[in-house]
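Participant:
Chains as they are written, first to last, in our numbering: chain C, 1 to 382; chain R, 383 to 764; chain Z, 765 to 1146; chain L, 1147 to 1528.
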């Protein structure tokens, strides 16, 4: 493939910065491609864009430099010191490709104006670098739940509403999705925000014949659940309750612990569990902000289940990971797979990428092994 | 299907007693078929023998009554009180179908004599009850590792050696497998003992056109490992160490904690892990005898893995189960599936039953999801 | 000592029923005095009432029989079957000593009337059995937080308000405490409810020269915290966060998971932790209702701390217990110790009993070892 | 106090290097004194040597530079990068104060010769820096168990045997203890090695009127046990089993996992537990070498206990720490306390320092809270 663009919404955040620094390290062969699914031998002959065929830019509302963010991530244990030092010059270069993001609080004018500006930023980026295509990936902070509006039902009504100055008819993630498609780019939502999941935007994707994928990257607790729950199910063990607690530091902890924000995340986690087990179970779930944990994310799950003759048993696990470390390689994987799908002329929801998401669009499969098989099968057809 | 026999080697042990009591409870519809894989809707049209079409007998070297053993299991939390009371009369009946097992320490004469006597016991049982077939399942205690002998290489040499009075050329599990086949019965090894896994005995299975399955029922820690390890592999997460500790009470704790005995169990656990992960990892494994735990089995696993950019993360789990509770329904499942396979004319190692075993014969697949898919596919062909 | 009365508020609840059944088993020497602190050799010469010198009665608003409740507790694993069968006749006898409790929803008339009736019940009980003294222990369900009122400040004002028909100036726990003191009985609050902790009721205790103790029995997670937190402190390890999750079934789970109810419990837990560590820490705490756990209570705590040179480390623990099993022996201990203190003429808050409580009255000491030493020292003075 | 020497046996090891780097950071006030017990306000008026009044030297058989070791520790997460850079020059200076240690494999001549040389090294160090006293602390690798010899019984016999060229009558730790005392220095054994614990060496300590302390620093799993076990005991909860697994990387993992070496460590851990609980319990204990963990040490303990009416419950914990991080501040504490004790004219085993050790000399107290109280009481008398 020729050069591909990766345009990150939230380009100065932890996930984006880790992905960018990692991409630079992969290019220079300073690290093996650990945790990169797309680098598995299975996908070697697929013609995915190489590490040095991916050009990065993005939007962000924060103005911390990538360099500074990478430093913080290094202190937090996410980026090894030696990689940071090597990456500094290239990070500064990428920094020049980041444009101010959209946020209703700082924007005057209509959302249509905002979307036009965002689309133009992506277009200039593509032109500047002679990119054949650009994949837009949303890795910004999780948004509060956005209320449904009648205008979300059809593209025409939506665009009319977007044109009204001062009206906020879409959350930022959906403005970003809209802008991406207006710039003729595939869109990936790595967050649980609303993004493309509106009839009006799906309509736009169909018209533009663009593929899209999402949503909410499956990085930790849910990843583990997506193999354990099928284990119980395949053995006919009767799960009676599945309690979970998540301890998060960093900005994410602050965002997600907030009741309203957590809404979207907790919902997307819960939906998967019931599907995996085949029935509803008692499943209390908490997300706590624990600032001293920094980038670390610790999840404890307790599963109580009934076996033969109704005897009660239990399984508990503690997952201790770094959220950005887990998310970043998947962002690169998604950019590569979606670019290829786009090149191959696929459009609409890419259900075969369910392997990467907590709440997959275009698929009802939540079991990891089955999702992985589907990914490989799909790749074989590209 | 007509009536099927289930002949248990170790018929007075905890696993057997739980399976028998459970079978009685299932027959009387006192309990749902929780943990019975063969009772899943997927297998409903297969024509497996119904709960009331299975007749039980067996061999054991212990002389505790089934009734008494069931009482102990009830106190240990494995059999609910109400089921015990209901099952007592039927348990006494099954008790009359249990014959003295073979043990070299108490046997005089040749192993050929012993095998003949065992085969006769099974034969009489089949005749007495007009059984179309009898599946022999070994659920006796794990044996110490038995040294390889040249006579194990071919059936003729083996039978010659077995005929020598006082010579111990086979461990009890293999004598049982030999006797089962001489009585024209399929054989299942639920333990890690040697059993049928000798060229000479495999030769006998081929000649008799008998199916067999094994070995070492996958009931707890290894079950969990067989979904977690593929999870790490499919995400290209690099597992660096996987440490395990098992705390066991009961007779099993005593048997397995013994260094020599544990040998076979630890080996069969270790073999699977390397296969699942695609490479060897540091994987210390302990089995401790903790008598006060009774029938409970507690396993703690600690997995240390590397993610993107070499960052270290970890997963740990604690499994708290009852070994007999976990094993017993699988014994019933295996009896049903193997009976059906036998009826359908299959012979040789049933690799499609790998789903049930730590160290499957006839299969190199250790991933649970893939094993489950193979089981369903296979069932569709019966 | 002569015969002592133990009057339980919530006498048909799980804790009370376990305590009563256990007392009967201890009397008949069917079990050793495991978990009974007062049965330690240190306290042997103190002249505490013997197991057969304690007569039980109580109040409850539920009308399930003790017998039936004990049966449920037996199924839930709290009372061994063999003890249940032996205890049935005696349980029925105790049942006749239980009177209807007070609840505002079912009571018409003034709270003064209610208190008078409750006090009379206790008085009759004492007279009927010729008891030298009766210790009243509150083991009823945790109440919602009750708002402070000006009338709580002084006994005279309180009694005036209580006399107003239809006015609810006190929660049931405080009505019970008031009634106990009016019946000249020491009062122990084993729950986090308001109980005696009002200036007006403390005034009454002083006037009546009655001892009292409380509050909120320290049975599980907090017990462990009260030794771990001092460990960190004495080693100058800097605890940065201490997260806790509690999974509870039974009625308690339902009561405590309710946000308003949990208020009082969570507060009393939190207070201790800050005191133990010497400063405030991030300490998210959840109580989840998980009905399938029955009487079991599972707590997971994750402690993140800084050591030498600011290096981050962690400790996590999982406590798996039965709440009633843990609480019941302490109820018997408290009855014995408080009876003795009363006999010895002590009055006011018994701070030396802090060992038993999450939120001790009359003491600021939360460290278990120091509380235990204080208990022994105090016992030496009786 | 005037300037005090701290002479480390194993001065280039992880614990020593962390202690030295930390001491430098404390001197420059680059870090707070987290994890330094001796820096608590309780001990402020004691006149302990200040951080800049401690001069460091030592023996080691390795020839890696302190600087290099500190770098490795920094990569392993034990020493923050910023502290490493600041400490480099001072580390090089300390490096010049390290002399070749004694090891039988590389030594020719008698052990008396070796001891004389070691004592001379310490003497020159003291003279060179005008030190009033030098505390010798053994932080070298754990030795294999050394067989008892008749010559260990009395000083005269021991010295006669030591004088025989080529005879190895003492392990290196005991040669070091002997040399320390011959140089008139107090000795502290932070390892489980034999060290001073021989009648002949205790005799020497008495003659020289020297104080000594040990042995085996209480840094992780045992620290936690020393508060949890008393918790169970004070509540009369009946601990039935206490299983432990330790995962260690680094050199320590290699040394300790070796069966023979582990002997001494496992024994010293086991001894404490039985004392703490008041009786023997089933207590399987493992130490596994898991190289990828580096300096990390992970311990999992599972405690099964019986409560009221014999009901079974459990507590499990996972400790995740850095061994050198935990040990280093205690080494500094011990140097300060022992220097003060020496100055105050104390001699013989310092049982009041039991707080710091798994297997304390001069004390039978293993409960942490009681040990801490004893430490404070003792400090008050200095």
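Note that the Cβ used here is the ideal one computed from N, Cα and C, for glycine as well.
Any idea if residue 485 of chain R is buried or exposed, counting beta-carbon neighbours within 10 angstroms, 16 or more meaning buried?
Facilitator: Exposed, because fewer than 16 other Cβ atoms sit within 10 Å of the Cβ of residue 485 of chain R.
Participant: For a contact defined as C-beta to C-beta under 8 Å, what are the partners of residue 463 of chain R on chain Z?
Facilitator: Those within 8 Å of residue 463 of chain R in chain Z are 845.
Participant: For the alpha helix (DSSP H) containing residue 991 of chain Z, list its first residue and its last residue.
Facilitator: Element bounds for residue 991 of chain Z: 985-998.
Participant: Rounded to the nearest angstrom, how far is the Cβ of residue 244 of chain C from that of residue 285 of chain C, given a contact under 8 Å?
Facilitator: That belief holds up - the Cβ atoms of residue 244 of chain C and residue 285 of chain C are roughly 5 Å apart, short of 8 Å.
Participant: Near residue 1171 of chain L, what residues of its chain come up, given a Cβ to Cβ distance below 8 Å and the 5 sequence neighbours on each side ignored?
Facilitator: 1177, 1229, 1232, 1233.
Participant: Any idea what DSSP makes of residue 308 of chain C, helix, strand or coil?
Facilitator: Residue state, collapsed to three classes: helix.
Participant: Quick one, which residues of the stretch 1462-1477 of chain L are near chain Z if we go by CB-CB under 7 Å, in chain order?
Facilitator: Answer set for the stretch 1462-1477 of chain L: 1462, 1463, 1464, 1465, 1466, 1467, 1468, 1471, 1472, 1474, 1475.
Participant: Determine whether the Cβ of residue 460 of chain R lies closer than 8 Å to any Cβ atom of chain C.
Facilitator: Yes, residue 460 of chain R counts as interfacial toward chain C.
Participant: Could you spell out where the alpha helix (DSSP H) holding residue 1524 of chain L opens and where it closes?
Facilitator: Per DSSP, residue 1524 of chain L belongs to the alpha helix (DSSP H) from 1514-1527.
Participant: Taking Cβ positions, are residue 507 of chain R and residue 387 of chain R nearer each other than 8 Å?
Facilitator: Contact: yes.
Participant: Run through chain R and tell me which residues come within less than 8 Å of residue 1439 of chain L, C-beta to C-beta.
Facilitator: Residues of chain R passing the Cβ test: 623, 686.
Participant: Going by the beta-carbon positions, is the gap between residue 590 of chain R and residue 563 of chain R smaller than 8 Å?
Facilitator: Contact flag set, yes.
Participant: Do residue 21 of chain C and residue 79 of chain C have their beta-carbon atoms positioned less than 8 Å apart in this structure?
Facilitator: The answer is yes: Cβ separation under 8 Å.
Participant: Taking buried to mean at least 16 other C-beta atoms within 10 Å of its own C-beta, is residue 1095 of chain Z buried or exposed?
Facilitator: Buried: at least 16 other Cβ atoms inside 10 Å.
Participant: Output the distance between the C-alpha atoms of residue 685 of chain R and residue 217 of chain C, rounded to the nearest integer angstrom.
Facilitator: Taking the straight line from one Cα to the other gives about 22 Å.
Participant: Give the residues of chain L in contact with residue 670 of chain R, contact being defined as C-beta atoms less than 7 Å apart.
Facilitator: Going along chain L in sequence order, the residues near residue 670 of chain R (Cβ under 7 Å) are 1389, 1430.
Participant: Is residue 75 of chain C near the ligand SAM, going by C-beta to nearest heavy atom under 7 Å?
Facilitator: You won't find the ligand SAM in this model; it holds no ligand whatsoever.
Participant: What does residue 1185 of chain L reach in chain Z if we use C-beta pairs closer than 8 Å?
Facilitator: The answer, in chain order, is 1000.
Participant: Is the stretch 1079-1088 of chain Z in contact with the stretch 1462-1469 of chain L, if contact means three or more CB pairs nearer than 8 Å?
Facilitator: Touching, per the Cβ criterion.
Participant: Does the CB of residue 247 of chain C have a neighbour CB from chain Z at under 8 Å?
Facilitator: Yes, contact with chain Z.
Participant: Using CA atoms only, rank isn't needed, just tell me which of L:1429, L:1473, L:1427, L:1195 is closest to residue 1442 of chain L.
Facilitator: Ranking the options by Cα distance to residue 1442 of chain L, first place goes to L:1473.
Participant: Look at residue 558 of chain R and residue 500 of chain R and say whether their C-beta atoms are less than 8 Å apart.
Facilitator: Contact flag set, yes.
Participant: Comparing the C-beta of residue 1425 of chain L with each C-beta of chain Z, is any distance below 8 Å?
Facilitator: No, residue 1425 of chain L lies away from the interface with chain Z (no Cβ there is under 8 Å from its Cβ).
Participant: Here's the rule: buried if 16 or more other CB atoms are within 10 angstroms of the residue's CB, otherwise exposed. What is residue 1302 of chain L?
Facilitator: Residue 1302 of chain L comes out exposed.
Participant: Give the secondary structure of residue 403 of chain R by DSSP, where H, G and I count as helix, E and B as strand, and everything else as coil.
Facilitator: In the structure shown, residue 403 of chain R sits in a helix (DSSP, three-state: H, G or I).
Participant: At 9 Å on the CB atoms, spell out the chain C contacts of residue 364 of chain R, in chain order.
Facilitator: The displayed coordinates of chain R run from 383 to 764. Any statement about residue 364 of chain R would go beyond what the structure contains.
Participant: Helix, strand or coil for residue 733 of chain Z? Go by DSSP, reduced to three states.
Facilitator: Since the first and last residues shown for chain Z are 765 and 1146, residue 733 of chain Z lies out of range.
Participant: Pull up the DSSP beta-bridge partners for residue 441 of chain R, would you.
Facilitator: Answer is R:391, R:481, bridged to residue 441 of chain R.
Participant: Taking only beta-carbon positions, decide if residue 680 of chain R is within less than 8 Å of chain L.
Facilitator: Yes, residue 680 of chain R counts as interfacial toward chain L.
Participant: Mapping the DSSP letters down to three states, classify residue 569 of chain R as helix, strand or coil.
Facilitator: Strand at residue 569 of chain R.
Participant: From the beta carbon of residue 91 of chain C, is the nearest beta carbon of chain D less than 8 Å away?
Facilitator: Absent from the structure is chain D; the protein chains it does hold are C, R, Z and L.
Participant: Restricting to Cα atoms, I'd like to know which of C:212, C:226, C:377, C:203 is closest to residue 334 of chain C.
Facilitator: Taking only the C-alpha atoms, the option nearest residue 334 of chain C is C:212.
Participant: Below 8 Å, can you find three or more Cβ-Cβ pairs linking the stretch 534-554 of chain R to the stretch 573-586 of chain R?
Facilitator: Yes: the two stretches touch, three or more of their Cβ pairs being nearer than 8 Å.
Participant: What is the C-beta distance between residue 545 of chain R and residue 494 of chain R, in whole angstroms, given that I count them as a contact (C-beta under 8 Å)?
Facilitator: 5 Å between Cβ atoms; contact.
Participant: Can you list, in chain order, the residues of the stretch 573-599 of chain R whose Cβ is nearer than 8 Å to any Cβ on chain C?
Facilitator: If the cut-off is 8 Å between Cβ atoms, the stretch 573-599 of chain R has nothing near chain C.
Participant: Using three-state DSSP, classify residue 1445 of chain L as helix, strand or coil.
Facilitator: In this structure, residue 1445 of chain L counts as strand in the three-state DSSP scheme.
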